[in-house]
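See structure below.
2 protein chains.
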Amino acid sequence: MADTVPQPNKRKREVDDEEAEALSTEGKEAGVGNGTSAPVRLPFSGFRVKKVLRESARDKIIFLHGKVNEASGDGDGEDAIVILEKTPFQVDHVAQLLKGSPELQLQFSNDIYSTYRLFPPRQLSDVKTTVVYPATEKHLQKYLHRDLRLVRETGDDYKNITLPHLESQSLSIQWVYNILDRKAEADRIVFENPDPSDGFVLIPDLKWNQQQLDDLYLIAICHRRDIKSLRDLTPEHLPLLRNILQEGQEAILQRYQVAGDRLRVYLHYLPSYYHLHVHFTALGFEAPGTGVERAHLLAEVIENLEQDPEHYGRRTLTFALRADDPLLALLQEAQRS
Amino acid sequence: MADTVPQPNKRKREVDDEEAEALSTEGKEAGVGNGTSAPVRLPFSGFRVKKVLRESARDKIIFLHGKVNEASGDGDGEDAIVILEKTPFQVDHVAQLLKGSPELQLQFSNDIYSTYRLFPPRQLSDVKTTVVYPATEKHLQKYLHRDLRLVRETGDDYKNITLPHLESQSLSIQWVYNILDRKAEADRIVFENPDPSDGFVLIPDLKWNQQQLDDLYLIAICHRRDIKSLRDLTPEHLPLLRNILQEGQEAILQRYQVAGDRLRVYLHYLPSYYHLHVHFTALGFEAPGTGVERAHLLAEVIENLEQDPEHYGRRTLTFALRADDPLLALLQEAQRS
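Shown next as structure tokens:
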């Protein structure tokens, strides 16, 4: 790796090296489990829950805002977000468990139905944990669940209201560039077309732990850095879009043996971040954000551009905004006048 | 704030009610509750997985069909269904966990984001387990989830394959006519525009129990009987479509005080039945069928027809079919030749 400028952000490999040093004695004492990673600590000390940002009993996920590092420094502490999500079941592990004598507590039985609390072995009990630290106010807002309002943004609304509003925000996408530059997550890359204009990187999404295929989720991030979203797309981008669709599906077929007719390939509008990217999710997985008010099938985007070069500049696009999103007020005001 | 997505599996509510009753007597004997119960065994011996009936990575649930008791009796064994579901998080337990030193394995870190596998203590790791034993064929069919395949149907495919296939089916829509003729559900009608060409009936969908607004679900059924689906729509139908959109939203505002910007108004393709109808669902409700591969926003349908009278005759439409749907084989065959 030819970088000579020291990176301010830790890269995976650096952390692993430090881990190995710091924990070479602790590891043996603590009896490291069957994972191949040495155990680590959270990147902060203490975690005082300030707010539950969001929780879903359906999805078995919780997003917490906490104050950390309160004991050190000036005592004000810093903000962190911790997202915990239970993991899906893997058939093989479950089959093993049920063959034997799983630890069970009976809840009740009634005729042919009985329910239990089952306490599985450690490997079935892992919790997918994501930490955002330090977290800014923007992050807190991003994860906070709010009432939604549907908005119809005309082509003019986008130019006059939404785009200026976006440009006034400053949400960092350094993590995107880190991936494109192979400064982070390089070993996670599934496929790359390195062409600077028509190429992209295909990588598993953070939300997918890659342990099973039924919630398969990958992202194709284009190399060029001048496309914010669907709104910027013109026929000039057709080679890029076709590459993503075809090469992306082919790579997923090769790596995971999942064919194109079992994939949902789409863009978001509004996207979560303003560097063009395409989602590849398992068709059977009702991923958040596959709703008609946010997702746009890539095959249809391509056809729309073939039919009308100005489609995404001119047409009205529909999406949902939080009730307290300043953009909502701006768009509603413009539409009233 | 917890998501309010209702459980699609009705049996789940029934089980919950039954639990409450049964617990009061059995609870004391078994000491059910917070881990003080005597451990029990499954009501059968051995469990050989025959089939994964259904699994959802999003919901962290798996339904397994297994053969049990194969070692005893005549050796054929019996059928059982085991349903395992991870449990939601409880804030208090999680807060405790994060304050201390949870057992973590680093997956990777990138800028301010880091992800881990976390191994929580036993009490956060319980799995809700339901057993149906002995299970009959009806039970197996009930829980069986069919694999989906995505299909892209061209305008020609529709005329040559799908339409003839539909016409060869004989699905009765008498129930639709009963509503339009006020022979059934007349007292449920929320609004009617009686015009035989441009009018419709607005009625709560069967899936909505009307007890709360967050899963609000109404259907607008057009009076005219010659529109099977989206495919038949031409500019001739614009007055009807505009009436449904405007008068439907107005009626819902009047009756339920839910404004248009809190509604998702869309058609299905493929529809569940071939008499044109439009869905009105609460925006915050991720109803089944709001996915991009099935839903078509009515406002966009109207605009597409304004742009191109032949849009729905000519354009390729995308939808998912069960892997064993005969239509899938017909379309794939046509597309191969």
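If you're matching them up, the sequences are chains A and B in order.
The opening position of the first sequence corresponds to residue 21 in the working numbering, with each subsequent residue numbered one higher.
The opening position of the second sequence corresponds to residue 21 in the working numbering, with each subsequent residue numbered one higher.
Using N, Cα and C, we set each Cβ at its ideal position, and we do this for glycine too.
{"Check": "Would you call the CB atoms of His257 (chain A) and Tyr163 (chain A) closer than 9 Å?", "Outcome": "no"}
{"Check": "Taking only beta-carbon positions, decide if Ser121 (chain B) is within less than 9 Å of chain A.", "Outcome": "yes"}
{"Check": "Between which two residues does the beta strand (DSSP E) containing Leu99 (chain A) stretch?", "Outcome": "For the sequence presented, residue 99 (chain A) should be read as Asp rather than Leu. Residues 98–106."}
{"Check": "Can you list, in chain order, the residues of its chain whose CB lies under 6 Å from that of Thr150 (chain A), leaving out five sequence neighbours each side?", "Outcome": "Ile103"}
{"Check": "With distances taken between CB atoms, is the gap from Phe83 (chain B) to Glu75 (chain B) smaller than 9 Å?", "Outcome": "yes"}
{"Check": "Residues of the stretch 135–149 of chain A with a CB closer than 8 Å to any CB of chain B: list them in chain order, please.", "Outcome": "Thr135, Tyr136, Arg137, Leu138, Phe139, Pro140, Arg142, Leu144, Ser145, Asp146, Val147, Lys148, Thr149"}
{"Check": "May I ask you to report which of helix, strand or coil DSSP gives Arg137 (chain B)?", "Outcome": "strand"}
{"Check": "Is there at least one Cβ from chain B nearer than 9 Å to Ala354 (chain A)'s Cβ?", "Outcome": "no"}
{"Check": "For Gly53 (chain A), does the three-state DSSP call read helix, strand or coil?", "Outcome": "Confidence is the limiting factor: at Gly53 (chain A) the pLDDT is only 32, short of 50, which leaves the residue's position unreliable, though a coordinate-based value still follows. Note: Gly53 (chain A) maps to coil in three-state DSSP."}
{"Check": "Does Gly47 (chain A) come within less than 9 Å of chain B when only Cβ atoms are used?", "Outcome": "At Gly47 (chain A), the pLDDT of 33 sits below 50, so the modelled position is not reliable; the number obtained from the coordinates is stated separately. No, Gly47 (chain A) does not count as interfacial toward chain B."}
{"Check": "Can you give the Cα-Cα distance for Leu273 (chain A) and Gln230 (chain A), rounded to whole angstroms?", "Outcome": "15 Å"}
{"Check": "Determine whether the Cβ of Gly53 (chain A) lies closer than 9 Å to any Cβ atom of chain B.", "Outcome": "Since pLDDT at Gly53 (chain A) reaches only 32, below the 50 mark, its modelled position is unreliable, and no value is offered."}
{"Check": "Which chain B residues are close to Val102 (chain A), counting only those with a beta carbon under 7 Å from its beta carbon?", "Outcome": "Leu118"}
{"Check": "Once DSSP output is grouped into helix, strand and coil, what is the label at Ser129 (chain B)?", "Outcome": "strand"}
{"Check": "Of all Cβ atoms in chain B, is any one closer than 9 Å to the Cβ of Tyr293 (chain A)?", "Outcome": "no"}
{"Check": "Chain B partners of Lys80 (chain A), CB-CB under 8 Å?", "Outcome": "Asp79, Lys80, Lys106, Thr107, Pro108, Phe109"}
{"Check": "Any C-beta of chain A sitting closer than 9 Å to the C-beta of Arg262 (chain B)?", "Outcome": "no"}
{"Check": "Around the C-beta of Gln127 (chain A), are 16 or more other C-beta atoms found within 10 angstroms, so that it is buried, or is it exposed?", "Outcome": "buried"}
{"Check": "List the whole-angstrom C-beta distance separating Val321 (chain A) from Phe300 (chain A), where the pair is believed to meet the contact cut-off of C-beta under 8 Å.", "Outcome": "Going by Cβ atoms, the distance from Val321 (chain A) to Phe300 (chain A) rounds to 14 Å, so no, they are not a contact pair."}
{"Check": "Counting only beta-carbon separations shorter than 9 Å, does Ala240 (chain B) have a partner in chain A?", "Outcome": "no"}
{"Check": "Once DSSP output is grouped into helix, strand and coil, what is the label at Ser188 (chain A)?", "Outcome": "helix"}
{"Check": "Is there at least one Cβ from chain B nearer than 9 Å to Phe186 (chain A)'s Cβ?", "Outcome": "Sequence inspection shows Leu at residue 186 (chain A); the Phe mentioned does not correspond to that position. Answer no: the Cβ-Cβ gap between Leu186 (chain A) and chain B never drops below 9 Å."}
{"Check": "With H, G and I counted as helix, E and B as strand and the rest as coil, what does DSSP make of Ile239 (chain B)?", "Outcome": "strand"}
{"Check": "State the beta-bridge partners of Lys148 (chain A) as determined by DSSP.", "Outcome": "A:Glu105, B:Arg137"}
{"Check": "How would you label Asn130 (chain A), buried or exposed, when you count the other beta carbons within 10 angstroms and need 16 or more for buried?", "Outcome": "exposed"}
{"Check": "How would you label Trp228 (chain B), buried or exposed, when you count the other beta carbons within 10 angstroms and need 16 or more for buried?", "Outcome": "buried"}
{"Check": "Going by alpha carbons, who is nearest to Ala315 (chain B) out of B:Pro308, B:Leu287, B:Tyr293, B:Gly304?", "Outcome": "B:Leu287"}
{"Check": "Classify Ala343 (chain A) as helix, strand or coil using the three-state DSSP reduction.", "Outcome": "coil"}
{"Check": "Candidates B:Phe109, B:Lys119, B:Phe67, B:Asp79: which alpha carbon is nearest Val69 (chain A)'s?", "Outcome": "B:Lys119"}
{"Check": "What does Ile223 (chain A) touch in chain B if you count any residue whose Cβ is under 7 Å from its own?", "Outcome": "Those do not exist, as Ile223 (chain A) stays about 11 Å from chain B at its closest Cβ, beyond 7 Å."}
{"Check": "Are the C-beta of Thr182 (chain B) and some C-beta of chain A separated by less than 9 Å?", "Outcome": "no"}
{"Check": "Going by DSSP, which residues form a beta bridge with Tyr286 (chain B)?", "Outcome": "B:His299, B:Leu317"}
{"Check": "Since Arg137 (chain B) and Asp79 (chain A) are thought to touch, with beta carbons under 8 Å apart, how far apart are those beta carbons, to the nearest angstrom?", "Outcome": "The Cβ separation is near 18 Å, so there is no contact."}
{"Check": "Under the rule that 16 or more other beta-carbon atoms within 10 Å means buried, what is Ile241 (chain A), buried or exposed?", "Outcome": "buried"}
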